[in-house]
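Colleague:
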Amino acid sequence: MAFPPDFTWGAATAAYQIEGAWDEDGRKPSIWDVFSAEPGKIWNGDTGKTACDHYHRFREDVALMKELGLPAYRFSIAWPRILPDGRGKINQKGLDFYSSLVDELLSAGIEPWVTLYHWDLPQVLQEQGGWLNPAIIDAFVEYTQAVVGALGDRVKHWMTFNEPQCFIGLSLQQGVQAPGLKLPASSITKAVHHVLVAHGKAVDVLRARGGSDYCIGIVPTTQTMIPATESPQDIEAARRATFCHTSVRPIIWTLSLFTDPLFLGTYPSDILEVIEKDLPQGWEKDMSLINRKIDFCGINLYSGKRLHADAQGNPVMNPVPAGFPQTAIKWFVEDETLRWCPRFIHERYKIPVVIAENGLSMTDWVHLDGKVHDPQRIDYTHRYLRGLHKAIEDGAEIKGYFHWSLMDNFEWSEGYKERFGLVYVDFATQKRTIKDSGYWYKEVIQSNGSLITG
Ligand code: NOJ
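For the record, in the sequence shown the residue sitting at position 231 is 732 according to my numbering, with numbers rising by one throughout.
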């Protein structure tokens, strides 16, 4: 099945997960340096101090991308490298690193897709309240200006935030990710609003620099709600479960908490009823800023849950059959994960969708023949791309797919236990080995998806 001719294929990473060089060339600590230094927070006491040492090996890594035939590469910028004190003095060496990376990518024919914020907040800003302090909005604007000033002549694809649900929900509410706080719902609501306003202001900065030449998006995440059958009732129940908070999840995990303000300029009414009392004063006047026109909705999707409609049309989760396929991190493998959520987003907001992350963790190792055989990754990706193709057949405008991840890396609180890469990394020697899935993905790209069969 061929994908649209202008479809973008790529792979993704994030700064803290691959760069290492945590205290080099003027970089100061992020919340992840501090959190991972705390005993018991990260599996095995792992940290991102060295990670994949990408900071020193980026040329080798770009060569690997070229060998994989990647047309696009999504990566994030580390705020603490650019503004080590959160605001104020710009660290030129930090900018130089990303500038060299962008040059290296472009000379390899690879399009850079830049995420401004993938969770590594400067620790100093956390100490001033982080996302709870409205002053962070101007700090984010300042940071965006610094990045765009240095890279904006060559980078055309931008994403403001990666997975706000996680860096608010897991980090500030559940306390399992940096900075590890367990704040009440009233604070969570404020953090959500501040992130949304920071997004809108950053979009203004980007637009002022790049106009319609820039392709701008944001990247939320969710778990796909998959209708158990294709009956109109089950499809409608899955749609409702995707966007209504009353169904199956706490508010922070409800997609529309973010996507309705971003693309409709309003908080969903069922959610507003609950959160309005905690929104910052004068929040209404921010809504048009939050609702700035952007070019795509990125979405990170890994797994889905099946559900059906009861007699009243309410969504009811199906039980998971015994022995259901799971990845190493125990996320369910559901073939239609990339079909329904992108389709629902496109229908509701009429905005093009980019799969900004999708992939799976496995327990890969180097086999006796020196290669890394990872048939599960090939099978999983094949199934998921088939699902994505169905979304396109259903009429959804899907612009691209980025595999997570380019290479094995620091999986946050799971440390190095999980391997998500198309490229295997031996963390003791930093030797890279392209996995079977990497070579397979190369052929998928070369065939523009024709290799994916129904
Ligand atoms: C989402 C996050 O954006 C990324 O940082 C993480 O490694 C992957 N999903 C896998 O959990």
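Don't be surprised by glycine CBs; every beta carbon is placed ideally from N, CA and C. In this text the structure is predicted, and so the values were computed from the model without any measurement.
1. Count the other C-beta atoms from every protein chain shown that fall within 10 angstroms of the C-beta of L889, then say buried if there are 16 or more, exposed otherwise.
2. With respect to 8 Å, is the separation between the Cβ of Q675 and the closest non-hydrogen atom of the ligand NOJ below this value?
3. Between which two residues does the beta strand (DSSP E) carrying S577 extend?
4. Which whole-angstrom value describes the C-beta separation of L756 and A703, a residue pair presumed to lie in contact below a C-beta threshold of 8 Å?
5. Leaving out the 5 sequence neighbours to the left and right, which residues in its chain are closer than 8 Å to R560 when beta-carbon positions are compared?
6. With a 10 Å radius around its C-beta and 16 neighbouring C-beta atoms as the bar for buried, classify W866 as buried or exposed.
7. Ordered along the chain, which non-local residues of its own chain (more than five positions away) have a Cβ less than 8 Å from that of P572?
8. For H868, count the other beta carbons within 10 Å of its own beta carbon; 16 or more makes it buried, fewer makes it exposed. Which is it?
9. Examine the ligand NOJ and report whether any of its heavy atoms sits within less than 8 Å of the Cβ of A515.
10. Within the continuous beta strand (DSSP E) that includes E919, where are the two ends?
11. Within the present structure, is the beta-carbon of Y940 separated from the nearest heavy atom of the ligand NOJ by less than 8 Å?
12. Could you name each continuous alpha helix (DSSP H) segment of 4 residues or more that falls completely within the stretch 575–644, going from the start of the chain to the end?
13. Please list the segments of the alpha helix (DSSP H) lying wholly inside the stretch 795–851, counting only runs of 4 or more residues, in order along the chain.
14. Any idea if S732 is buried or exposed, counting beta-carbon neighbours within 10 angstroms, 16 or more meaning buried?
15. Are there three or more Cβ pairs, one per stretch, closer than 8 Å when the stretch 868–879 is compared with the stretch 807–824?
16. So, under 8 Å CB-CB, P721 and P665 are touching, yes? Tell me the CB distance rounded to an integer number of Å.
17. Check the DSSP bridge columns for C472 and list the partner residues they point to.
18. I need the DSSP call for C745, collapsed to helix, strand or coil.
19. If you draw a straight line from the alpha carbon of P955 to that of S862, how long is it in whole angstroms?
20. For the ligand NOJ, is there any heavy atom lying closer than 8 Å to the beta carbon of Y881?
21. Measuring CA to CA, which of R920, K851, C842 is closest to H874?
22. Tell me whether Q518, by its Cβ, gets closer than 8 Å to a heavy atom of the ligand NOJ.
23. What is the rounded straight-line gap between the Cα of K550 and the Cα of S906?
24. Quick check on DSSP: helix, strand or coil for K481?
25. What's the C-alpha gap between L758 and K932?
Modeller: Here's the rundown:
1. By one-based count along the sequence shown, residue 889 stands at place 388. Buried, since its Cβ has 16 or more Cβ neighbours within 10 Å.
2. Counted from its first residue, the sequence shown places residue 675 at position 174. No - the ligand NOJ has no heavy atom lying nearer than 8 Å to the Cβ of Q675.
3. Residue numbering aside, residue 577 sits at position 76 when the sequence shown is read from its first letter. First-last of the beta strand (DSSP E) with S577: 573–577.
4. What you label residue 756 is simply residue 255 of the sequence shown in a count that begins at 1. What you label residue 703 is simply residue 202 of the sequence shown in a count that begins at 1. That belief does not hold up - the Cβ atoms of L756 and A703 are roughly 21 Å apart, past 8 Å.
5. As a first step, residue 560 must be located in the sequence shown, where it is residue number 59. So the qualifying residues of the chain are E605.
6. Residue mapping note: residue 866 aligns to position 365 of the sequence shown, counting from 1. The residue in question, W866, is exposed, as its Cβ has fewer than 16 Cβ neighbours within 10 Å.
7. The count along the sequence shown starts at 1 and reaches residue 572 at position 71. Correct list, in chain order: T509, W510, G511, G610, I611, E612, I946.
8. Residue 868 sits at position 367 when you count from the first residue of the sequence shown. Exposed, because fewer than 16 other Cβ atoms sit within 10 Å of the Cβ of H868.
9. Here residue 515 is taken as the residue at index 14 of the sequence shown, counted from 1. A515: yes, Cβ under 8 Å from the ligand NOJ.
10. By 1-based counting over the sequence shown, the position of residue 919 is 418. Neither: E919 is in no beta strand (DSSP E) and is coded neither H nor E.
11. Along the sequence shown, one-based indexing puts residue 940 at 439. No; taking the cut-off as 8 Å, the Cβ of Y940 has no heavy atom of the ligand NOJ nearer than that.
12. 580–583, 593–608, 624–628
13. 838–850
14. Stepping through the sequence shown from its first residue, residue 732 is reached at position 231. With fewer than 16 other Cβ atoms within 10 Å, it is exposed.
15. no
16. Within the sequence shown, residue 721 is the residue found at index 220, counting from 1. Within the sequence shown, residue 665 is the residue found at index 164, counting from 1. Confirmed, Cβ separation roughly 6 Å.
17. The displayed coordinates of the chain run from 502 to 955. Any statement about residue 472 would go beyond what the structure contains.
18. Sequence index remark: in the sequence shown, residue 745 carries index 244 (1-based). Residue state, collapsed to three classes: coil.
19. For the purposes of this step, residue 955 is identified with residue 454 of the sequence shown, where counting begins at 1. For the purposes of this step, residue 862 is identified with residue 361 of the sequence shown, where counting begins at 1. A small correction: the amino acid at residue 955 is Gly; Pro does not occupy that position in the sequence shown. The straight-line gap from Cα to Cα measures roughly 24 Å.
20. Reading the sequence shown from its first residue, position 380 is the one you call residue 881. Every heavy atom of the ligand NOJ is 8 Å or more from the Cβ of Y881, so no.
21. On the sequence shown, residue 874 is found 373 positions in, with the first residue counted as 1. Minimum Cα distance to H874 is reached at R920.
22. As a position in the sequence shown, residue 518 is number 17, starting the count at 1. The answer is yes for Q518.
23. Taking the sequence shown and counting its residues from 1, the one referred to as residue 550 is at position 49. Taking the sequence shown and counting its residues from 1, the one referred to as residue 906 is at position 405. Roughly 19 Å between the two C-alpha positions.
24. Not covered by the structure: residue 481. The range shown for the chain is 502 to 955.
25. As a working mapping, residue 758 is identified with position 257 in the sequence shown. As a working mapping, residue 932 is identified with position 431 in the sequence shown. Between L758 and K932, the C-alpha separation is close to 42 Å.
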